[in-house]
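A short write-up of the structure that comes next.
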Amino acid sequence: MKRAFSSNYQGSSLLFSIPLGTLIVAALFIALPLTQILSNITNMENDDKNSRVQVQPPPPPPPEPPEKEEEEQKEEDIEMKKETQQLTLDQINMALNAGDGGMTASGVSVQVFDIADNFDDMVFEIADLDKPPVPLVRIAPVYPPELKRNRVQGTVNVVFIVDEFGNVKRPSIEKSSNREFNENALKAVRQWKFEPGEKDNKKVKTRVRLPLSFTLRR
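Going by our numbering, the first residue of the sequence shown is number 31, and it counts up by one from there.
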């Protein structure tokens, strides 16, 4: 009796386990492709994100703020250039409206014409100065012996600068009635010494046109 029951039980279990195993195997076959597909989709999404991150360019660096000192320096340079141009025009106007005065040194007749030049290294007219330049040392030019014997007379116009220390700078001949007077005229003027002219309590440079007359006493 027991053997008959056991055989029946084993037979029914075998019949039940075969379909169950088949279902489990089928489920595994179905699950494995789905897992592979999901893994591929996840990898594609990650690759797409990585590719987007790599393609995205970095933000540009912020522009450097302009340096105020350089801008101020440029503005000062422009103002200085404008001022220099204006002084040049003033210099021309002053030269056309030069004043004049007169003096006598060692028997040589002298007239002084002050011409305004550039401001810091230049001159004002006498009328524009608070204090005009005053000659302190005046050396008369030596009369050339040959011209003196022949009683030749003449005039030499010398142009020079009286600096802020009263020294004579850059003397040159502007006009001469006889070239033989020129060298002695320049030698004499180089030895002159002035009290410099002043403007607003400041000593300034002055351009002077000085006619030196070579005359003989009768």
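By construction, the Cβ of each residue, glycine as well, lies at the ideal position given by its N, Cα and C atoms. Note that the coordinates shown come from a computational prediction; the quantities given were computed from them, not determined experimentally.
Assign residue 199 to buried or exposed, taking buried as 16 or more other Cβ atoms, counted over all protein chains shown, within 10 Å of its Cβ.
-> exposed
Grab the span of the alpha helix (DSSP H) containing residue 177 for me, first residue to last.
-> Element bounds for residue 177: 175-179.
In angstroms with no decimal places, state the Cα-to-Cα distance between residue 195 and residue 229.
-> 14 Å
On the three-pair Cβ rule with 8 Å, is the stretch 178-186 touching the stretch 234-244?
-> yes
Leaving out the 5 sequence neighbours to the left and right, which residues in its chain are closer than 6 Å to residue 221 when beta-carbon positions are compared?
-> 169
Inspect the beta-carbon positions of residue 240 and residue 188 and report whether they are closer than 8 Å.
-> Yes, the pair counts as a contact, with Cβ atoms nearer than the cut-off.
DSSP three-state assignment for residue 210, whether helix, strand or coil = helix
In this structure, what does DSSP give as the bridge partners for residue 165?
-> 224
Specify the secondary structure class of residue 85 as computed by DSSP and reduced to three states.
-> Bear in mind that the predicted position of residue 85 carries a pLDDT of just 46, short of 50, making it too unreliable to give a figure here.
Taking Cβ positions, are residue 163 and residue 224 nearer each other than 8 Å?
-> yes
Who are the near neighbours of residue 190 in its chain, counting only those whose CB is closer than 8 Å to its CB and skipping five residues on each side?
-> These residues qualify, in order along the chain: 198, 199, 200, 201, 202, 219, 237, 238, 240.
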